[in-house]
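J.:
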Amino acid sequence: MSATKGPSAFVSDAYGLGQGKNVVGFYQKWADDYDNQMLEVDYVAPTVIAQLLCEHVPDKSAEILDVGCGTGLTCRLLADRGYYSLDGIDLSPDMIRVASGQGIYRDLIVGDVDRTIERDADSYDAVISSGTFTHGHVGPEPFDDIFRILRPGGIFACTVHRDLWELKGFKDKFESLVAAEICQCLQQKKGKYYDTENIDGWFCVYQKLS
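Residue numbers for the sequence shown follow my numbering, so the first one is 1357 and each next one is one higher.
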């Protein structure tokens, strides 16, 4: 990691990514320093998502999938609160490598959620995602698959970057899923991603109906 590039610059670079190999190559360089870099910019989104999950899924034995798990920032907080059936999926093998070293995940998958999530229907009590639905990363296309793998009554808690909420169709996608009676909105609020950066977004909690 370059000594001349600070954490804010890496956050900006991450938002400028495309998809596929570009993303994998970027996180290959960033994986080992990721946690320290995000700590320096006071990245609070994982804390908020972990808290929302705890509020809506109090059962510590709940089976939870972390989509775009990265190095495991969100699930580490859940593990600290007693949750133990934690799985993760991420496009970057290097982020998965770091996450594996945390010793908190039951299973970790290197996979592209834009294509498919290789899990059976009704596999999870909750799906979480922090920082994945953002610039240069993932759009709302995986939402159908996420609700497919959730059990009835299951919870989907995620962040969506403010700039993309309407522009990339996240708002419309959630509304269409609600209209189709796939899910219902339990909570949707704006909040800060970082305490030291002017970046915020939507924190969403939806429940699968059937």
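Every residue gets a Cβ at the ideal spot worked out from N, C-alpha and C, and that includes glycine.
1) Return yes when the Cβ of V1516 is within less than 7 Å of the Cβ of G1487, no when it is not.
2) Just checking, does the region 1505-1521 make contact with the region 1450-1469 on the three C-beta pairs under 8 Å criterion?
3) So which of I1484, K1524 and D1551 has the shortest CA-CA distance to I1505?
4) Nearest by alpha-carbon distance to G1495: which of I1502, D1470 and Y1480 is it?
5) Mind checking E1419: buried by the 16 CB within 10 Å criterion, or exposed?
6) Of all the options S1532, L1523, G1459 and Y1549, which has the alpha carbon lying nearest to the alpha carbon of D1398?
7) By Cβ distance below 8 Å, which residues in the same chain neighbour V1400 in space, the five residues on each side in sequence not counted?
8) Report yes if the CB atom of L1567 is closer than 7 Å to the CB atom of R1462, and no otherwise.
9) Check I1452 in the structure and name its three-state DSSP category.
10) For G1525, which option in F1499, G1426, I1538 and G1509 has the closest C-alpha, if you only look at C-alpha atoms?
11) Among all the DSSP beta bridges, which residues are the ones paired with Y1439?
12) Hey, how far is the Cα of Q1458 from the Cα of P1402?
13) Return helix, strand or coil for E1497, following the three-state DSSP convention.
14) Quick check on D1446: does DSSP put it in helix, strand or coil?
15) Check whether the Cβ atoms of I1460 and A1482 lie closer than 7 Å to each other.
16) CA-CA distance, V1404 and W1521?
T.: Here's the rundown:
1) no
2) no
3) I1484
4) D1470
5) buried
6) Y1549
7) K1548, Y1549, Y1550 and D1551
8) There is simply no residue 1567 to check, as the chain begins at 1357 and stops at 1566 in what is shown.
9) helix
10) F1499
11) DSSP, once it has assigned bridges, lists no residue as partnering Y1439.
12) 16 Å
13) coil
14) strand
15) no
16) 18 Å
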